[in-house]
Amino acid sequence: MDSTTPILSARDVHICFNLRGRVLHAIRGIDLDIFPGEVLAIVGESGSGKSVFTKSFMGLLDANGSITQGTIDYYGAGRPIRLSGLKREKDWLAVRGREIAMIMQDPMTSLNPLKTIGQQILESVHLHQHLKGPAARAKALQYLQDVGIPEPERRFKQYPHEFSGGMRQRVVIAIALACTPKILICDEPTTALDVTIQAQILQLLKEMQVKYRLTIILITHDLGVVANIADRVAVMYAGDIVEIGTADEIYYDPRHPYTWALLSSMPQMGVKGEDLFSIQGTPPNLFAQIQGDAFAPRNPQALKIDFVRQP
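For the sequence shown, our numbering assigns the number 5 to the initial residue and increments by one for each residue that follows.
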């Protein structure tokens, strides 16, 4: 696929949740193109809609949530698939794992504690690569080796509780790779890990992206996490993408006040004794209609027009 042609395209996507008769507007009119082979980071504070938006790519919204407007199209399967139009579980099973896979935040909740690591990787190899016997086992061991698990033959027979947090996350990545997806969604993959292990996992993702020609969507609330891995960064606030650009553009020339505020709230090296910058106020009420820039009430430099029209 041409790298200038999107592998996934979202147009005017709205996602709502029905909560006891009230409608929460979680995603408010997002337009986004994702290109083959790129690492796209989606950043924003908790509750901004990052996970909800990407879960809609796999039909994993909660039962009370739905896409109420707009389209999501996937172009990586040889024929266009309108993801926003899929209703049957059978149709989604042709997409999940095989085309788009997801790595969740806590690897311990993603792994079955009653099955060995080898059994869990083999399930993906059997289902998505249709390999059996020694060929399947050899493939599974190769994935363990690729993600940096030492002594894969011995580890193959061990259970999740016998691995550290960082090693469990590597196993989850191996299982996702065994599905042979074209898009890999990583939902806060380093949040539960210490800083040293975070860097190792991010480096591993970058290596796997190159080796397996993956498109990676990295979801995080921490702009510092994505500085060295992302090709582009999309900044989300209150269910909308307020700014998108290359990593350099976002870090060195932010245009939206919320992006600037996020960057300003990051701890600075070599600065002692000063209070960290914090964003004042609270996010808007997503049960209500939002007019203008959703961040305007929290922006001390907001103009009157910001309360009427989006920048």
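All C-beta atoms, glycine included, are put in the ideal place defined by N, C-alpha and C.
- Item | Close Cβ partners of R159 (< 7 Å) along its chain, the five nearest in sequence each way excluded | I121, L148 and I153
- Task: Give a yes or no on whether the C-beta atoms belonging to I177 and L206 are separated by under 8 Å.
- Result: no
- With a threshold of 16 other CB atoms inside 10 Å of the CB of A142, please say whether the residue is buried or exposed. exposed
- Where T200 falls: helix, strand or coil (DSSP): helix
- Item | Close-in-space but distant-in-sequence residues of the same chain around T195 (CB under 7 Å, 5 per side omitted) | Q109
- Specify the secondary structure class of Y216 as computed by DSSP and reduced to three states. coil
- Message: What does the alpha-carbon distance come out to for the pair Q173 and C190?
- Response: 11 Å
- Cα-Cα separation between L280 and G51, rounded to whole angstroms: 22 Å
- Message: Checking the sheet assignment: what are the DSSP bridge partners for G69?
- Response: F21
- Message: Using CA atoms only, rank isn't needed, just tell me which of G170, P10, C20 and S70 is closest to G41.
- Response: P10
- Task: Determine the direct distance from the alpha carbon of Q202 to that of L290, and round the result to whole angstroms.
- Result: 32 Å
- Task: Quick one: which unbroken alpha helix (DSSP H) runs of 4-plus residues sit fully inside the region 133-167? Chain order, please.
- Result: 137-150 and 156-159
- Message: Short of 7 Å in beta carbon distance, which residues of its chain neighbour D16, apart from the five on each side in sequence? Order them along the chain.
- Response: G33, D35, Q73 and G74
- Residues of its chain near T286, where Cβ-Cβ distance is below 7 Å and the 5 sequence neighbours each way are ignored: none
- Item | Simplified DSSP state of R302, which is helix, strand or coil | helix
- Query: V176 lies in the alpha helix (DSSP H); which residues open and close that run?
  - Reply: G169 to A182
- Distance between T224 and G48 (C-alpha atoms, nearest Å): 7 Å
- Message: At the level of alpha carbons, what is the spacing between D235 and C20?
- Response: 30 Å
- Message: Do H130 and A139 count as a contact pair if the criterion is CB distance below 8 Å?
- Response: no
- Assign I205 to one of three DSSP states: helix, strand, or coil. helix
- Query: Comparing alpha-carbon positions, which option in H18, N116 and R102 lies nearest Q133?
  - Reply: R102
- Item | Between the CA atoms of A14 and Y78 - distance to the nearest angstrom | 9 Å
- Query: Among A30, A45 and A300, which has the Cα closest to the Cα of L65?
  - Reply: A30
- Span of the beta strand (DSSP E) around L97: Looking at the DSSP string, L97 is not in any beta strand (DSSP E); the run it does join, the alpha helix (DSSP H), is E93 to L97.
- Under the three-state reduction of DSSP, which class applies to I221: helix, strand or coil? strand
- Query: DSSP three-state call for G48: helix, strand or coil?
  - Reply: coil
- Query: What is the DSSP secondary structure of T338, counted as helix, strand or coil?
  - Reply: Given that the chain is displayed from residue 5 to residue 315, the structure contains no residue 338 and the question cannot be resolved.
- Query: Is the distance from the Cβ of N165 to the Cβ of P117 below 8 Å?
  - Reply: Note that residue 165 corresponds to His in the displayed sequence, not to Asn. Yes.
- Item | With 16 other Cβ atoms within 10 Å as the buried cut-off, status of Y241 | buried
- Message: Counting C-beta neighbours from all protein chains within 10 Å, is the total for D252 16 or more, i.e. buried, or is it exposed?
- Response: exposed
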